[in-house]
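Note that the sequence shown covers residues 1 to 311 in the UniProt record's numbering. Every residue, glycine too, gets a C-beta built ideally from N, C-alpha and C. Remember, it's a predicted structure, so these values are computed and weren't measured experimentally. One structure is given here, and the rest of the page talks about it.
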Amino acid sequence: MLNGLQLFKKEKQKNKAKKKSDNYTSIPIKIQEKEEIKEDGNYIANNHESNNIDDRFWSKCPECGEYTFNKDLEENLFVCPKCNKHMRMNVRDRIEMLTDKGTFIEINKETELVDPLKFPNYSEKIKSYKEKTNESESVVTGIGRINGIRYVLCVMNPAFMMGSMGSVTGDKISYAFEYGAEHNIPVVVCSASGGARMQEGMMSLMQMAKTSRAVTKLAEKGQPYISILTDPTTGGVSASFAMLGDIIISEPKTLIGFAGKRVVKQTIGRELPEDFQTAEFMMEHGFLDMIVERKDLKDTIYKILYMHKRK
């Protein structure tokens, strides 16, 4: 079996031979690379002079700039093996990571576009994102099990209009909490969003109040709500349901905030700490209950749900 480096070299030779083929399109990424090193079973590119690398097989870490073989990155749950940067994760991969195999059943899947402002090109943009992501909206909701315990899971998708919250997203999240309350099961939400969806105006902002009200319905039933903040959790999402969890967990180095750092700086007129709006800063100031590595998330959620179930 070919290892990552051998596969890369083999593909590189094939690419040269097929460079003019109509059936093949390569989007190369220029990097500085001379040799490949293997560290803890993962292939990582050194920063030296090199040729183009095919991004179908390699991914660049946004934090340290190192390249990792895609298969190794996937096996490492999309966490950089060099600097431990928790990269953005495909919504379906996250669902698979947090549920027992074959137990997730999607609910409220069919959606209808709401365009109250008739915003220019909005419907076309939604259609484009649906085709690109193969998802109907910026959140996927459903019922799953974690080590046998049944619960409602909502996972926001930053690849779909930056995970922005419009009226459909708000409806799906609200319904998920109502479902949990009705069936007396806990809810887990993985937030990843740039905030309210500007193309829907006040309809989008209204979702902050609607989702927050839905959270209280679950609380009235005595069922726990675990909020998991992933990169980024900002804007109207951070100012509503994302920060209302009974237990609030974040992945390391997640961007968490309402307004952007530059806006805050200009508003208060002073310099901000270097780690401002990071998970570590929020933890230090009492806004989080814990920071958990991605590989430990499933076990952590299970332990919390198990303790509640035992009560």
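Out of 308, 302, 143, which has the shortest C-alpha to C-alpha gap to residue 108?
-> Sequence index remark: in the sequence shown, residue 108 carries index 108 (1-based). Of 308, 302, 143, the residue nearest in Cα terms is 143.
May I ask whether a heavy atom of the ligand SAM can be found less than 8 angstroms away from the beta carbon of residue 304?
-> Absence of the ligand SAM is noted for the structure shown, with no ligands found whatsoever.
Going along the chain, which unbroken runs of the alpha helix (DSSP H) with 4 or more residues stay wholly within the segment 91 to 116?
-> DSSP runs (the alpha helix (DSSP H)) wholly in the segment 91 to 116: 91 to 98.
From 62, 93, 208, pick the residue whose C-alpha is nearest to that of residue 81; which is it?
-> Position 81 of the sequence shown, counted from the first residue, corresponds to residue 81. With distances taken between Cα atoms, residue 81 lies closest to 62.
Indicate the three-state DSSP secondary structure (helix, strand or coil) for residue 235 in the structure shown.
-> Within the sequence shown, residue 235 is the residue found at index 235, counting from 1. Residue 235 falls in the helix class under three-state DSSP.
Helix or strand or just coil, what does DSSP make of residue 173?
-> Residue numbering aside, residue 173 sits at position 173 when the sequence shown is read from its first letter. Secondary structure of residue 173 (DSSP, three-state): helix.
Are residue 208 and residue 166 touching if we call contact CB-CB under 9 angstroms?
-> Numbered from its first residue, the sequence shown carries residue 208 at position 208. Numbered from its first residue, the sequence shown carries residue 166 at position 166. Contact annotation: residue 208 and residue 166 have beta-carbon atoms that are not nearer than 9 angstroms.
Among residues of its own chain, excluding the 5 on either side of residue 164, which ones have a beta-carbon nearer than 7 angstroms to its beta-carbon?
-> In the sequence shown, residue 164 corresponds to position 164, counting from 1. These residues qualify, in order along the chain: 138, 193, 194, 195, 196, 197.
Under 8 angstroms by Cβ, that's how I've got residue 242 and residue 174 pegged, so tell me the actual separation to the nearest angstrom.
-> The sequence position of residue 242 within the sequence shown is 242, counting from 1. The sequence position of residue 174 within the sequence shown is 174, counting from 1. Contact between residue 242 and residue 174 does not hold, since the beta-carbon distance rounds to 14 angstroms and is not under 8 angstroms.
Where the beta strand (DSSP E) containing residue 153 begins and where it ends | Residue numbering aside, residue 153 sits at position 153 when the sequence shown is read from its first letter. In the DSSP assignment, residue 153 falls within the unbroken beta strand (DSSP E) covering 149 to 156.
Ignore the nearest five residues each way along the sequence and tell me which others in residue 267's own chain have a CB closer than 8 angstroms to its CB.
-> For this step, residue 267 is matched to residue 267 along the sequence shown. So the qualifying residues of the chain are 259.
Express the C-alpha separation of residue 176 and residue 189 in angstroms, rounding to a whole number.
-> Start at 1 with the first residue of the sequence shown, and residue 189 comes out as number 189. Start at 1 with the first residue of the sequence shown, and residue 176 comes out as number 176. Near 10 angstroms, if we compare the C-alpha coordinates of residue 176 and residue 189.
By the 10 Å Cβ neighbour count, where 16 or more other Cβ atoms means buried, how is residue 156 classified, buried or exposed?
-> As a position in the sequence shown, residue 156 is number 156, starting the count at 1. Buried.
Among 55, 94, 78, nearest to residue 298 - alpha-carbon criterion | Counting from one through the sequence shown, the residue named residue 298 turns up at place 298. Distances from the alpha-carbon of residue 298 to those of 55, 94, 78 put 94 closest.
Under a three-way DSSP split, which group does residue 300 fall into?
-> As a first step, residue 300 is located in the sequence shown; it is residue number 300 there, counting from the start. In the structure shown, the three-state DSSP call for residue 300 is helix.
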